[in-house]
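Engineer:
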Amino acid sequence: MTTISRRSWVKGMALATLGSVVFTDLNAADAPAIQWSADQEALLKNWMGVIIPESSLPGAVSLGVPAFVKVMLRDCYEPKTSENLANALAALPTIEKMSESEKEALFFQIEQGKMGSDAQKAMKTLKGLTIQGYMSTEYVMVNHLNYVMAPGFFNGCEPLKK
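Here the sequence shown stands for residues -28 to -1, 1 to 134, where the numbers follow mature numbering (1 follows the signal peptide of the UniProt record, and there is no 0).
1. Three or more C-beta pairs under 8 Å: does that hold for the region 32 to 40 against the region 60 to 68?
2. Does the beta-carbon of Y119 have 16 or more other beta-carbons within 10 angstroms, so that it is buried, or is it exposed?
3. Can you tell me which of the three DSSP states W8 falls into?
4. Could you give the distance in angstroms between the alpha-carbon of M95 and the alpha-carbon of T(-27)?
5. When DSSP labels each residue in this structure, what does A40 get in the three-state scheme?
6. Taking the beta carbon of N(-12) as the centre, do at least 16 other beta carbons fall within 10 Å, making it buried, or is it exposed?
7. What does the Cβ neighbour count give for F80, buried or exposed, with the cut at 16 atoms within 10 Å?
8. Thinking A91 and I82 are a contact (beta carbons under 8 Å), I'd like their distance in whole angstroms, please.
9. Output the distance between the C-alpha atoms of S108 and P51, rounded to the nearest integer angstrom.
10. Using C-beta distances below 6 Å, list every residue in its chain close to V22, excluding the 5 sequence neighbours before and after it, in chain order.
11. According to the Cβ coordinates, are L61 and Q12 closer than 9 Å?
12. Going along the chain, which residues of its own chain have a beta-carbon closer than 8 Å to the beta-carbon of T53, five neighbours each way excluded?
13. Let me make sure I understand the geometry here. Which of Y106, N56 and L16 has the alpha-carbon closest to that of F89?
14. What's the gap between the Cα of M(-16) and the Cα of V112?
15. Give the secondary structure of N18 by DSSP, where H, G and I count as helix, E and B as strand, and everything else as coil.
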């Protein structure tokens, strides 16, 4: 039986970790990214405006969430998912001339699966990414979630309790 020193084990694990990271990055660089046309971007922004609309608070579009969604689709999802999302959004009726109540009614029909399972899956993905992007914006984090950048506050004059 062969024994291994701790130093050899740590070195081997570090090399294995580094190798897996490099391999993953090389695979990600080869993945084709979907190119969003101006019409597709407008459609994406319109639907994100339905999910989190403008009100007294800024909406998803004004906080730059569409850029977050496109990056997430490019970097974290399969290219097929991005294509399916773009195709499903393009197949839906245009919402530009609809009232807010009509947009909401259409959105709820899509969520319930009345417009097809592809549209339902696409809207579920878009809704999740929109909410994730909105909740991680600086405006929401600082003004509503009381986020304080690390290391936070330090009060050196505070007495210690034993």
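Even glycine gets a Cβ: it sits at the ideal position worked out from N, Cα and C.
Please read all numbers here as calculations on a predicted model, not as lab measurements.
Structural biologist: Reading from the atomic positions:
1. No: fewer than three Cβ pairs fall under 8 Å.
2. As a position in the sequence shown, residue 119 is number 147, starting the count at 1. Residue environment: Y119 is assigned as exposed (fewer than 16 neighbouring CB atoms within 10 Å of its CB, all protein chains considered).
3. By one-based count along the sequence shown, residue 8 stands at place 36. W8 falls in the coil class under three-state DSSP.
4. By one-based count along the sequence shown, residue 95 stands at place 123. By one-based count along the sequence shown, residue -27 stands at place 2. Pairing M95 with T(-27), the inter-Cα distance amounts to about 56 Å.
5. Taking the first residue of the sequence shown as 1, we reach residue 40 at position 68. It is worth fixing the name first, because residue 40 is Phe in this sequence and not Ala. Assignment of F40 by DSSP, reduced to helix, strand and coil, places it in the helix class.
6. Here the question's residue -12 lines up with position 17 in the sequence shown. According to the sequence as given, residue -12 is Thr; it is not Asn. Looking at its Cβ environment, which holds fewer than 16 other Cβ atoms inside 10 Å, T(-12) is exposed.
7. Sequence index remark: in the sequence shown, residue 80 carries index 108 (1-based). The residue is exposed, with fewer than 16 neighbouring Cβ atoms inside 10 Å.
8. Stepping through the sequence shown from its first residue, residue 91 is reached at position 119. Stepping through the sequence shown from its first residue, residue 82 is reached at position 110. The beta-carbon distance between A91 and I82, rounded to whole angstroms, is 5 Å. This is short enough to meet the 8 Å contact definition.
9. Taking the first residue of the sequence shown as position 1, residue 108 is located at position 136. Taking the first residue of the sequence shown as position 1, residue 51 is located at position 79. If you take the alpha carbons of S108 and P51, they lie about 24 Å apart.
10. Locating residue 22 in the sequence shown gives position 50, counting from the first residue. In chain order, K75 and F79 place their CB closer than 6 Å to the CB of V22, counting only its own chain and leaving out the 5 sequence neighbours on each side.
11. In the sequence shown, residue 61 corresponds to position 89, counting from 1. In the sequence shown, residue 12 corresponds to position 40, counting from 1. With a cutoff of 9 Å on beta-carbon distance, L61 and Q12 are scored as near each other.
12. The count along the sequence shown starts at 1 and reaches residue 53 at position 81. Answer for T53: L45 and T97, listed in chain order.
13. By 1-based counting over the sequence shown, the position of residue 89 is 117. Residue 89 is actually Ser in this sequence, not Phe. The shortest C-alpha separation from S89 is found at N56.
14. By one-based count along the sequence shown, residue -16 stands at place 13. By one-based count along the sequence shown, residue 112 stands at place 140. In a straight line, the C-alpha of M(-16) is about 40 Å away from that of V112.
15. On the sequence shown, residue 18 is found 46 positions in, with the first residue counted as 1. When secondary structure is reduced to three states using DSSP, N18 falls in the helix class.
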